[in-house]
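Chemist: Numbering (my numbering), first residue to last: 1 to 234.
Printed below as a string of C-alpha coordinates:
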(Lines of atoms letter the chains of each structure in order from A and count residues from 1; the text may use other names and numbers.)
(Lines give C-alpha, C1' and ligand atoms only; values in the text may rest on other atoms or scores of the structure.)
Protein backbone atom coordinates (compact mmCIF):
# COMPACT_ATOMS: atom_id res chain seq x y z
CA UNK A 1 0.00 0.00 0.00
CA UNK A 2 1.08 3.58 -0.17
CA UNK A 3 1.33 6.83 1.74
CA UNK A 4 1.92 10.01 -0.25
CA UNK A 5 1.72 13.38 1.52
CA UNK A 6 2.36 16.77 -0.06
CA UNK A 7 1.98 20.47 0.63
CA UNK A 8 2.36 22.56 -2.50
CA UNK A 9 5.60 24.57 -2.74
CA UNK A 10 6.78 23.13 0.58
CA UNK A 11 7.29 19.36 0.58
CA UNK A 12 6.38 15.97 -0.79
CA UNK A 13 6.93 12.57 0.83
CA UNK A 14 6.27 8.93 -0.02
CA UNK A 15 6.90 5.48 1.39
CA UNK A 16 8.44 2.63 -0.61
CA UNK A 17 6.55 -0.56 0.25
CA UNK A 18 4.89 -2.65 -2.45
CA UNK A 19 2.56 -5.50 -1.53
CA UNK A 20 0.93 -8.45 -3.26
CA UNK A 21 -2.78 -9.22 -3.43
CA UNK A 22 -2.62 -10.65 0.10
CA UNK A 23 -1.07 -7.42 1.42
CA UNK A 24 2.31 -9.06 1.98
CA UNK A 25 5.46 -7.01 1.23
CA UNK A 26 7.13 -7.63 -2.14
CA UNK A 27 10.79 -7.02 -2.93
CA UNK A 28 11.18 -5.00 -6.14
CA UNK A 29 13.30 -2.31 -7.72
CA UNK A 30 10.16 -0.46 -8.80
CA UNK A 31 9.87 3.05 -7.38
CA UNK A 32 6.64 4.79 -6.47
CA UNK A 33 7.86 8.04 -7.99
CA UNK A 34 9.73 9.22 -11.05
CA UNK A 35 11.34 12.42 -12.32
CA UNK A 36 10.75 13.45 -15.94
CA UNK A 37 10.86 16.72 -17.88
CA UNK A 38 11.33 18.86 -14.79
CA UNK A 39 8.38 17.27 -13.00
CA UNK A 40 8.08 14.79 -10.15
CA UNK A 41 5.28 12.21 -10.24
CA UNK A 42 4.23 10.18 -7.19
CA UNK A 43 1.95 7.18 -7.60
CA UNK A 44 -0.40 4.92 -5.70
CA UNK A 45 -2.38 2.00 -7.05
CA UNK A 46 -1.74 -1.08 -9.15
CA UNK A 47 1.65 -1.98 -10.58
CA UNK A 48 0.97 -2.21 -14.32
CA UNK A 49 -0.76 1.17 -14.83
CA UNK A 50 2.01 2.82 -12.81
CA UNK A 51 4.66 1.00 -14.85
CA UNK A 52 3.17 2.29 -18.11
CA UNK A 53 3.00 5.87 -16.83
CA UNK A 54 6.61 5.81 -15.67
CA UNK A 55 7.83 4.18 -18.89
CA UNK A 56 6.05 6.77 -21.02
CA UNK A 57 7.24 9.78 -19.02
CA UNK A 58 10.86 8.60 -19.10
CA UNK A 59 10.72 7.81 -22.84
CA UNK A 60 11.27 4.10 -22.33
CA UNK A 61 8.23 3.52 -24.56
CA UNK A 62 6.65 5.61 -27.29
CA UNK A 63 3.13 7.00 -27.24
CA UNK A 64 1.83 4.33 -29.63
CA UNK A 65 3.12 1.52 -27.42
CA UNK A 66 1.71 3.20 -24.34
CA UNK A 67 -1.79 3.33 -25.82
CA UNK A 68 -1.53 -0.20 -27.23
CA UNK A 69 -0.39 -1.63 -23.91
CA UNK A 70 -2.95 0.43 -22.01
CA UNK A 71 -5.73 -1.37 -23.87
CA UNK A 72 -4.45 -4.62 -22.40
CA UNK A 73 -4.95 -3.50 -18.79
CA UNK A 74 -7.77 -4.76 -16.63
CA UNK A 75 -10.29 -1.92 -16.39
CA UNK A 76 -10.81 -2.66 -12.69
CA UNK A 77 -7.24 -1.55 -11.97
CA UNK A 78 -6.90 1.88 -10.39
CA UNK A 79 -4.22 4.36 -9.49
CA UNK A 80 -3.78 7.79 -8.00
CA UNK A 81 -0.96 10.23 -8.54
CA UNK A 82 0.33 13.67 -7.70
CA UNK A 83 2.46 15.78 -10.04
CA UNK A 84 4.92 18.40 -8.76
CA UNK A 85 7.09 21.01 -10.47
CA UNK A 86 10.62 19.96 -9.59
CA UNK A 87 12.06 23.47 -9.45
CA UNK A 88 9.72 24.96 -6.85
CA UNK A 89 7.56 22.16 -5.46
CA UNK A 90 4.38 23.67 -6.89
CA UNK A 91 1.64 21.09 -7.37
CA UNK A 92 0.27 20.68 -10.88
CA UNK A 93 -3.50 20.71 -10.97
CA UNK A 94 -5.88 19.34 -13.56
CA UNK A 95 -8.72 16.86 -13.53
CA UNK A 96 -6.47 13.96 -14.52
CA UNK A 97 -4.47 13.98 -11.30
CA UNK A 98 -6.33 11.97 -8.70
CA UNK A 99 -5.65 12.73 -5.07
CA UNK A 100 -7.48 13.86 -1.95
CA UNK A 101 -7.34 17.00 0.18
CA UNK A 102 -7.16 17.59 3.91
CA UNK A 103 -6.67 21.10 5.29
CA UNK A 104 -4.31 22.28 2.56
CA UNK A 105 -2.47 18.96 2.26
CA UNK A 106 -2.79 16.68 -0.75
CA UNK A 107 -2.46 12.94 -0.28
CA UNK A 108 -3.01 9.67 -2.06
CA UNK A 109 -2.78 6.01 -1.14
CA UNK A 110 -4.33 4.00 1.65
CA UNK A 111 -2.17 5.67 4.30
CA UNK A 112 -2.44 9.21 2.97
CA UNK A 113 -5.43 10.18 5.09
CA UNK A 114 -3.67 9.17 8.32
CA UNK A 115 -0.52 11.07 7.39
CA UNK A 116 -2.44 14.22 6.47
CA UNK A 117 -4.44 14.19 9.70
CA UNK A 118 -1.31 13.75 11.83
CA UNK A 119 0.59 16.52 10.05
CA UNK A 120 -2.34 18.95 10.23
CA UNK A 121 -3.04 18.44 13.93
CA UNK A 122 0.65 18.46 14.86
CA UNK A 123 1.04 21.77 13.05
CA UNK A 124 -2.06 23.23 14.69
CA UNK A 125 -0.95 22.16 18.18
CA UNK A 126 2.70 23.17 17.60
CA UNK A 127 3.71 19.58 18.30
CA UNK A 128 6.96 18.05 17.09
CA UNK A 129 7.13 14.30 16.61
CA UNK A 130 9.77 12.17 18.29
CA UNK A 131 11.53 11.96 14.92
CA UNK A 132 12.23 15.69 14.97
CA UNK A 133 10.34 16.13 11.71
CA UNK A 134 6.57 16.09 11.38
CA UNK A 135 6.77 14.88 7.78
CA UNK A 136 8.50 11.73 9.01
CA UNK A 137 6.19 11.60 12.01
CA UNK A 138 3.14 11.79 9.75
CA UNK A 139 4.30 8.91 7.57
CA UNK A 140 5.30 6.81 10.59
CA UNK A 141 1.82 7.38 12.00
CA UNK A 142 0.37 6.20 8.69
CA UNK A 143 2.57 3.09 8.85
CA UNK A 144 1.11 2.32 12.28
CA UNK A 145 -2.47 2.70 11.02
CA UNK A 146 -1.87 1.04 7.65
CA UNK A 147 0.34 -2.03 8.00
CA UNK A 148 0.92 -2.24 4.25
CA UNK A 149 2.55 1.19 4.06
CA UNK A 150 6.13 1.30 5.25
CA UNK A 151 9.84 0.83 4.58
CA UNK A 152 12.09 3.69 3.46
CA UNK A 153 10.67 7.21 3.37
CA UNK A 154 11.61 9.50 0.51
CA UNK A 155 10.98 13.21 0.91
CA UNK A 156 11.84 16.42 -0.85
CA UNK A 157 11.49 19.74 0.95
CA UNK A 158 11.61 23.10 -0.83
CA UNK A 159 10.70 25.36 2.08
CA UNK A 160 11.65 26.49 4.66
CA UNK A 161 14.83 24.36 4.81
CA UNK A 162 15.61 22.42 1.61
CA UNK A 163 16.14 18.66 1.89
CA UNK A 164 16.10 15.89 -0.69
CA UNK A 165 16.76 12.15 -0.47
CA UNK A 166 14.80 11.21 -3.59
CA UNK A 167 16.54 9.52 -6.52
CA UNK A 168 16.71 11.09 -9.94
CA UNK A 169 15.71 9.02 -12.95
CA UNK A 170 19.02 7.66 -14.22
CA UNK A 171 19.97 5.20 -16.95
CA UNK A 172 19.91 2.26 -14.54
CA UNK A 173 16.31 2.94 -13.58
CA UNK A 174 15.29 3.42 -17.21
CA UNK A 175 16.87 0.05 -17.98
CA UNK A 176 14.89 -1.46 -15.12
CA UNK A 177 11.66 -0.02 -16.52
CA UNK A 178 12.50 -1.39 -19.96
CA UNK A 179 13.02 -4.85 -18.49
CA UNK A 180 9.67 -4.61 -16.70
CA UNK A 181 7.94 -3.57 -19.92
CA UNK A 182 9.53 -6.49 -21.76
CA UNK A 183 8.45 -8.89 -19.03
CA UNK A 184 4.87 -7.76 -18.57
CA UNK A 185 3.89 -6.39 -21.98
CA UNK A 186 6.22 -7.19 -24.87
CA UNK A 187 6.40 -10.85 -23.94
CA UNK A 188 2.65 -11.32 -24.34
CA UNK A 189 1.90 -13.37 -27.45
CA UNK A 190 -1.84 -12.72 -27.50
CA UNK A 191 -2.41 -8.96 -27.57
CA UNK A 192 -6.07 -9.46 -26.58
CA UNK A 193 -4.98 -10.80 -23.20
CA UNK A 194 -6.24 -8.76 -20.24
CA UNK A 195 -3.40 -8.08 -17.81
CA UNK A 196 -3.89 -7.89 -14.06
CA UNK A 197 -1.26 -6.60 -11.63
CA UNK A 198 0.19 -9.05 -9.12
CA UNK A 199 1.76 -6.18 -7.18
CA UNK A 200 0.14 -3.04 -5.87
CA UNK A 201 0.57 -0.04 -3.62
CA UNK A 202 -3.14 0.26 -2.73
CA UNK A 203 -4.55 3.48 -4.11
CA UNK A 204 -6.53 6.34 -2.76
CA UNK A 205 -10.25 5.77 -2.37
CA UNK A 206 -10.96 7.96 -5.41
CA UNK A 207 -8.14 6.63 -7.60
CA UNK A 208 -8.82 6.67 -11.32
CA UNK A 209 -9.98 3.48 -13.01
CA UNK A 210 -8.03 2.31 -16.02
CA UNK A 211 -9.71 3.95 -19.00
CA UNK A 212 -8.22 4.46 -22.46
CA UNK A 213 -10.04 7.74 -23.11
CA UNK A 214 -8.83 9.12 -19.79
CA UNK A 215 -5.29 8.00 -20.62
CA UNK A 216 -5.45 9.82 -23.96
CA UNK A 217 -6.73 12.97 -22.26
CA UNK A 218 -4.01 12.78 -19.61
CA UNK A 219 -1.37 12.33 -22.30
CA UNK A 220 -2.67 15.27 -24.35
CA UNK A 221 -2.75 17.62 -21.35
CA UNK A 222 0.77 16.68 -20.33
CA UNK A 223 2.09 17.24 -23.86
CA UNK A 224 0.35 20.63 -23.98
CA UNK A 225 1.82 21.61 -20.61
CA UNK A 226 5.35 20.65 -21.66
CA UNK A 227 5.01 22.56 -24.93
CA UNK A 228 3.88 25.65 -23.02
CA UNK A 229 6.92 25.31 -20.76
CA UNK A 230 9.21 25.20 -23.80
CA UNK A 231 7.67 28.40 -25.15
CA UNK A 232 8.11 30.17 -21.79
CA UNK A 233 11.75 29.11 -21.55
CA UNK A 234 12.68 30.66 -24.92
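Note that the Cβ used here is the ideal one computed from N, Cα and C, for glycine as well.
Check residue 126 in the structure and name its three-state DSSP category.
Modeler: Taking the chain shown and counting its residues from 1, one reaches residue 126 at position 126. Coil, per DSSP.
Chemist: Could you pull out every residue in the same chain whose Cβ sits closer than 8 Å to the Cβ of residue 26, ignoring the five residues on either side in sequence?
Modeler: Along the chain shown, one-based indexing puts residue 26 at 26. Same-chain partners within the cutoff: 18, 19, 20 and 199.
Chemist: Residues in the same chain with beta-carbon distance under 6 Å from residue 156, minus the five sequence neighbours each way, listed in chain order, please.
Modeler: Against the chain shown, residue 156 aligns to sequence position 156. Same-chain partners within the cutoff: 12, 164 and 166.
Chemist: How big is the Cα-Cα spacing for residue 64 and residue 54?
Modeler: The sequence position of residue 64 within the chain shown is 64, counting from 1. The sequence position of residue 54 within the chain shown is 54, counting from 1. Cα to Cα, residue 64 sits roughly 15 Å from residue 54.
Chemist: Which residue or residues does DSSP assign as beta-bridge partners of residue 25?
Modeler: Walking along the chain shown from the start, residue 25 turns up at place 25. Answer by DSSP bridge pairing, in chain order: 19.
Chemist: Less than 8 Å between the CB atoms is what I'm expecting for residue 143 and residue 150, so what's the real figure, rounded?
Modeler: Position 143 of the chain shown, counted from the start, is the residue given in the question as residue 143. Position 150 of the chain shown, counted from the start, is the residue given in the question as residue 150. That pair is a contact at about 5 Å.
Chemist: Pick from 78, 69 and 67: whose alpha carbon is nearest that of residue 110?
Modeler: The residue labelled residue 110 in the question sits at position 110 within the chain shown. The shortest C-alpha separation from residue 110 is found at 78.
Chemist: When you compare only the Cα positions, how much space is there between residue 58 and residue 7?
Modeler: Here residue 58 corresponds to residue number 58 of the chain shown, with the count starting at 1. Here residue 7 corresponds to residue number 7 of the chain shown, with the count starting at 1. When rounded, the distance between both Cα atoms is 25 Å.
Chemist: Answer yes if the stretch 71-88 comes into contact with the stretch 39-46, meaning at least three C-beta pairs across the two stretches below 8 Å, and no otherwise.
Modeler: Verdict: yes, contact present.
Chemist: In whole angstroms, what is the alpha-carbon distance linking residue 87 and residue 38?
Modeler: Within the chain shown, numbered from 1, the residue matching residue 87 stands at position 87. Within the chain shown, numbered from 1, the residue matching residue 38 stands at position 38. Looking at the two C-alpha atoms, the distance is approximately 7 Å.
Chemist: Please classify residue 215: is it buried, with 16 or more other beta-carbons within 10 angstroms of its beta-carbon, or exposed?
Modeler: On the chain shown, residue 215 is found 215 positions in, with the first residue counted as 1. Under this definition residue 215 is a buried residue.
Chemist: Assign residue 31 to buried or exposed, taking buried as 16 or more other Cβ atoms, counted over all protein chains shown, within 10 Å of its Cβ.
Modeler: Reading the chain shown from its first residue, position 31 is the one you call residue 31. Flag for residue 31 reads buried.
Chemist: Taking Cβ to Cβ, would you say residue 73 is nearer than 8 Å to residue 66?
Modeler: Counting from 1 along the chain shown, the entry for residue 73 is found at position 73. Counting from 1 along the chain shown, the entry for residue 66 is found at position 66. Going by C-beta atoms, residue 73 is not nearer than 8 Å to residue 66.
Chemist: Within the same chain, show all residues whose beta-carbon is closer than 7 Å to that of residue 60, passing over the 5 residues directly before and after it, in chain order.
Modeler: The sequence position of residue 60 within the chain shown is 60, counting from 1. Only 174, 177, 178 and 181 meet the Cβ criterion.
Chemist: Which residues bound the beta strand (DSSP E) around residue 108?
Modeler: On the chain shown, residue 108 is found 108 positions in, with the first residue counted as 1. Its beta strand (DSSP E) spans residues 105-108.
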